[in-house]
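Engineer: The following block contains the structure, expressed as structure tokens.
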Amino acid sequence: MYLDSLPFEIICLVASYLPENRDRLSLLRCNRVLYDTLIDVLYKQDIRTICYALPWLLQRGFERETQHLISRNNLDVNIPVASRASSINTPLLLAIRSGRTNMVELILRNGAQVNLGTDISALGYAATLGYYDITSLLLQHGAHVDLVGQICRLTPLGCALEFGNSSRKGKSCLWVRKVLYDGLLKSKGENESFAVTQLLVANGADPHFKSDGTLSTALHRIPKSPWKSPEKLFSLFLNSGADLNAQDSKGNTPLHVVFSHNAFLGDMKAQTQFVELLLRSGADVNINNRHGRTALGIRFGNPSILERLLKPGVNTRCRGKSGGEIIWKLLTTPCDNQKKGTRQHVINTIMIELLLEHGACANQIIEWGCPLDLPTAQRYPVLKDLMNKRKMVPRKAFPKKP
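For the sequence shown, my numbering gives the first residue as 2, with consecutive numbering after it.
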């Protein structure tokens, strides 16, 4: 006797003894009779046990079965079908998480509101996960490009910049990984995230929009995620008229933010590149934040000096001397501020390497002396190397007097 020849009640009884809900769902997929017998019962049971058939079908891309479930039960696809404790709980968000454009399109056809107020907006979630085709589809269906999520308080552009690189690790990212990436088998990389960012900007996303309490702009948000090559992002926003000197709620400019310890998740190469891009583009180094601190910890009589020094050009003697003077100023900040691990030590490390790369002469005697003779010079590997090389150079022997 075949299972599907048993009475309805017996089939349901057999299904109820299966240990896992996934086993029951596998059973109903055996043939059409079992499916028709069990689907309504299981769906009603799922509502009571907070285990839902619809998320299961969406995640696995069963388009026909999903449509059948929605039509047969006249489901409202705008109400949560997963635990309210989860931010990803509406059919549209679950379809986006699956990464399947056809499932997102199916949910939209069945009346999903693309601008529904959720913890994270549908467009914001697609941008976070780096799904270009889904992001494009949502925009075509009228998704508001600057809609702010109710909990994350970020626009889709903010989500793409801060959360869009799922390789990030660390305590500050636990919420992101748990809520937004939970259950994903594979995530997109930096190129896909950049393409989505580019798409959002092309569709009118405002890089100046300060959506959350930090009052951060797009340029503030770039260092908050581990972008390996921030140059393309920087150029994108600069061409869109980004304000290099915009200040957040703490009075910090993007130049202040890039020197924080967790900028680019500690990737010194990306930090250095972003600092150079800001300075070469004319970022003001003399702006104070609310604590009265400038981005570099020192002030400049001529704020444009760094812009000129870091732009490509011939390494003239003037460039070498001016760079040496700035290195001197950095090394003469308070010694306690230059201990390894401090913000000033990070600033000095990046700036000294940048200045030397662009022709500064740290071993040149300037008005106050030679920067390499300062005690704090020992704290920076690149200067220690110069000191060791200077020791190895033999001094010229003066001719003896006749």
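Here a beta-carbon is modelled for each residue, glycine too, at the ideal position from N, C-alpha and C.
Where are the alpha helix (DSSP H) runs, 4 residues long or more, that stay fully inside the stretch 42-124, in chain order?
Structural biologist: You should have 54-61, 64-74, 92-99 and 102-110.
Engineer: Apart from the five residues just before and just after T50, which ones in its own chain have a Cβ nearer than 7 Å to its Cβ?
Structural biologist: With a pLDDT of 37 at T50, under the threshold of 50, the modelled position of this residue cannot be trusted; read the value that follows with caution. Once the five neighbours on either side are set aside, T50 has no close Cβ partner at all.
Engineer: For E308, collect the residues of the same chain with a Cβ closer than 7 Å to its Cβ; drop the 5 residues on either side in sequence, then sort them by chain order.
Structural biologist: If we look at E308 and ignore the five residues flanking it on each side, its Cβ neighbours are L280, R281 and G283.
Engineer: Are there 16 or more other CB atoms within 10 angstroms of the CB of R65, so buried, or fewer, so exposed?
Structural biologist: It counts as exposed.
Engineer: Can the beta-carbon of D257 be found closer than 8 Å to that of N290?
Structural biologist: Here the sequence assigns His to residue 257, which means Asp is not the residue at that position. The answer is yes: Cβ separation under 8 Å.
Engineer: Can you tell me which of the three DSSP states I288 falls into?
Structural biologist: Three-state result, I288: coil.
Engineer: I'd like the list of long-range same chain contacts for P81, defined as Cβ closer than 6 Å, with 5 residues on each side in sequence excluded.
Structural biologist: Only N90 and T91 meet the Cβ criterion.
Engineer: How many angstroms separate the CA atom of T198 from the CA atom of Q248?
Structural biologist: Answer to the nearest angstrom: the Cα atoms are 22 Å apart.
Engineer: Using C-beta distances below 8 Å, list every residue in its chain close to K312, excluding the 5 sequence neighbours before and after it, in chain order.
Structural biologist: The answer, listed in chain order, is R281.
Engineer: Could you check where the alpha helix (DSSP H) with D134 kicks off and where it finishes?
Structural biologist: Run containing D134: Y133 to Q141, per the alpha helix (DSSP H) assignment.
Engineer: Is the beta carbon of L35 closer than 8 Å to that of L29?
Structural biologist: Yes; because the gap between Cβ atoms is below 8 Å, this pair is in contact.
Engineer: Once you ignore the five residues that flank D120 on each side, which residues in its own chain have a CB closer than 7 Å to its CB?
Structural biologist: Cβ within range, chain order: S88, G150, Q151, I152 and C153.
Engineer: Using DSSP with H/G/I as helix, E/B as strand and the rest coil, what is K172?
Structural biologist: Confidence is the limiting factor: at K172 the pLDDT is only 42, short of 50, which leaves the residue's position unreliable, though a coordinate-based value still follows. Note: K172 maps to helix in three-state DSSP.
Engineer: Starting from V149, follow the alpha helix (DSSP H) in both directions and report where the run begins and ends.
Structural biologist: Counting along the chain, V149 falls outside any alpha helix (DSSP H), and DSSP gives it neither H nor E.
Engineer: Go to H221, then tell me how far its alpha helix (DSSP H) extends in each direction, as first and last residue.
Structural biologist: Taken as a continuous stretch (DSSP letters only), the alpha helix (DSSP H) holding H221 covers A219 to R222.
Engineer: Is it buried or exposed for N253, if we count other Cβ within 10 angstroms and need 16 for buried?
Structural biologist: Buried, because 16 or more other Cβ atoms sit within 10 Å of the Cβ of N253.
Engineer: DSSP puts I348 in a beta bridge; with which residues?
Structural biologist: Partner(s): none; I348 has no beta bridge.
Engineer: Suppose the cutoff is 6 Å on Cβ atoms and the five residues either side in sequence are ignored; what does the same chain contact list for I48 look like?
Structural biologist: A caution first: I48 carries a pLDDT of 49, below 50, which makes its placement in the model too unreliable to give a value.
Engineer: Whose CA, out of E163, Y132 and T333, lies closest to the CA of F265?
Structural biologist: For F265, the nearest C-alpha among the options comes from E163.
Engineer: Are T273 and L331 closer than 8 Å when you measure CB to CB?
Structural biologist: Contact flag unset, no.
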